[in-house]
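Quick note on numbering: the sequence shown equals residues 249 to 589 in the numbering used here.
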Amino acid sequence: MSFSVKNDVDLTKLNTFRITAKAKEFADIETAEDLDSAADFLAQHPEKRFLILGGGSDILFSQDFDGIILRNHLYGVEAAGEDEEFYYVTAASGEDWHSFILRTLDAKKPGLENLTLIPGTVGGAPIQNIGAYGMEVAERIHCVEYFDLKTKERKVLRNEECDFGYRTSVFKKPEMKNAFITSVTFKLPKKWEPVISYKDLREHLQSNHAPELHPTDIYNSVIAIRKRKLPSPHKLGSAGSFFKNPVLSREEFHALQEKNPSVVAYPMAGGRYKVSAAWLIDNAGLKGLRMGDVGVYEKQPLIIVNYGSAFGEDVVGMAQDIRVRVKNCFNVKLEPEVVIV
């Protein structure tokens, strides 16, 4: 099917928050030819806003989108060679992230199991440098291929060129706004070792498994923990973790710890500390808070949920209230992990 633009498309089922919103224009990207056509369309309408949409799992529509949404439907997974240390596997950017991890495990090429059940697509993984349970995806990325919607060039960035950081990458910089990620090549270790630095995961494994661990043990444990802590996407709308864990200097952290000895934090390189945003929100007395159909999830305060028919501006208002309360209580600024448009 050739590239076609639809008008006034309902986005409710295309975002995991289940926020009702419409896109003024909308096009599905299924082939390389569609990308060329999209680039031509944008060149003809340089004033038009555009948004690349994958699984809709890390986005909040605060209002209708007055531009064109390009929905990623690029699929395919293939072996991309191996060397002494790694198997290389390339996945198209529209592939469902959790399903892709399952395929790597079925192919006896583990290494991503700590990141299982994170909603979204392969293409979204490097943008956010998704992370969970002791691992960031940057540790497993070999290179990222993208199409420039302005120049129509196809480019490849090696891992070290992606400028990965905590929940960020080069793809979040303004100069990369025209980058449509088309595929990601992962490096999966031949000598697999379990990553169990995360306390909850380690404790779950110790109580449920034999001393010799296998990749499926990690996979199943992460799923069990996530299902226990996180809302079912079939029952409540959310975008997962709404806020980043704030990173403080040594001096800032010690000042916080002096007043709050029980604060949960993790040491980082350079003497910095990553403070648990969930702890801050919980200890600001906000866990379980509900305003209409928007609330702070009672089992995990880092998550804002849509209980039914919340509007985007309702969620934005709740998020702002949380930020103000945490700042007043702890003098720490929370930043959204979710992209608000």
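Every residue gets a Cβ at the ideal spot worked out from N, C-alpha and C, and that includes glycine.
- For Leu449, I'd like the list of residues in its chain whose CB is within less than 7 Å of its CB, leaving aside the five on either flank, ordered along the chain. Tyr381, Gly382, Ser469, Val470 and Ile473.
- Message: Ignoring anything shorter than 4 residues, give me the alpha helix (DSSP H) runs that lie fully in the region 255 to 293, in order along the chain.
- Response: 280 to 292
- Item | Between the CA atoms of Phe298 and Leu397 - distance to the nearest angstrom | 10 Å
- Query: Secondary structure at Phe490, three-state DSSP: helix, strand or coil?
  - Reply: Note: Phe490 maps to coil in three-state DSSP.
- Query: Who are the Cβ neighbours of Pro358 in its own chain at under 6 Å, not counting the five residues just before and after it?
  - Reply: If we look at Pro358 and ignore the five residues flanking it on each side, its Cβ neighbours are Trp440 and Pro463.
- Message: I need the DSSP call for Glu326, collapsed to helix, strand or coil.
- Response: strand
- Message: I need the boundaries of the beta strand (DSSP E) containing Ile463, first residue and last residue.
- Response: Note on residue identity: the sequence assigns Pro, not Ile, to residue 463. Per DSSP, Pro463 belongs to no beta strand (DSSP E); it is in the alpha helix (DSSP H), Pro463 to Lys477.
- Item | Option in Thr260, Asn456, Ala339 and Lys438 with minimal Cα separation from Glu393 | Ala339
- Task: Quickly, what does DSSP pair Val542 with across the bridge? List them, please.
- Result: Answer is Met539 and Asn554, bridged to Val542.
- Message: Taking 8 Å as the cut-off, does the region 501 to 521 touch the region 532 to 544 (at least 3 CB pairs, one atom from each stretch)?
- Response: no
- So, using beta-carbon positions, are Leu318 and Ala275 closer together than 9 Å? yes
- Using the Cα positions of Val564 and Ile529, report the straight-line distance between them to the nearest angstrom. 16 Å
- Query: What residues in its chain sit with their C-beta under 7 Å from that of Val244, if we drop five residues either side in the sequence?
  - Reply: In this structure the chain extends from 249 to 589, so residue 244 is not present and cannot be described.
- Within the region 423 to 465, ranges of the alpha helix (DSSP H) (whole runs, at least 4 residues): As far as the region 423 to 465 is concerned, its whole alpha helix (DSSP H) runs of at least 4 residues are 447 to 456.
- Message: Could you give the first and the last residue of the continuous beta strand (DSSP E) run that contains Arg415?
- Response: From DSSP, Arg415 is part of no beta strand (DSSP E); its letter is neither H nor E.
- Terminal residues of the continuous alpha helix (DSSP H) containing Ile316? Per DSSP, Ile316 belongs to no alpha helix (DSSP H); it is in the beta strand (DSSP E), Phe313 to Asn320.
- Message: Which residue wins for smallest C-alpha separation from Leu262, given the options Gln292, Ser305, Ala287 and Pro294?
- Response: Ser305
- Task: Kindly identify the DSSP beta-bridge partner or partners of Asp344.
- Result: Bridge pairing for Asp344: Thr369 [DSSP].
- Item | Thr364 versus Phe251: straight-line alpha-carbon distance, rounded | 33 Å
- Task: Between the Cα of Ile466 and those of Lys403, Glu295, Ser445 and Glu281, spot the shortest distance and give me the residue it belongs to.
- Result: Ser445
- Work out the CA separation of Lys254 and Ala287 for me, nearest whole Å. 16 Å
- Message: Does Ile349 come out as helix, strand or coil in the three-state DSSP assignment?
- Response: helix
- On the three-state DSSP scale, how would you describe Pro509? In the structure shown, Pro509 falls within a coil segment according to DSSP collapsed to helix, strand and coil.
- Thinking C-beta only, is Thr268 closer than 9 Å to Phe490? no
- Leaving aside the five residues before and after Val443 along the sequence, list all residues of the same chain whose C-beta is less than 8 Å from its C-beta, in chain order. Answer for Val443: Asn362, Tyr381, Gly382, Met383 and Ile466, listed in chain order.
- Message: Quick check on Phe334: does DSSP put it in helix, strand or coil?
- Response: strand
- Item | Start-to-end residues for the alpha helix (DSSP H) that takes in Ile570 | Gly560 to Phe578 is the extent of the alpha helix (DSSP H) around Ile570.
- Item | Cβ shell of Ser557 (< 8 Å), same chain only, five flanking positions each side left out | Closer than 8 Å at the Cβ level, and outside the excluded window around Ser557, lie Thr268 and Asp541.
- Item | Buried or exposed (CB count within 10 angstroms, at least 16 for buried), Val580 | buried
- Query: Where do the N-terminal and C-terminal ends of the beta strand (DSSP E) with Ile300 fall, by residue?
  - Reply: Phe298 to Leu301
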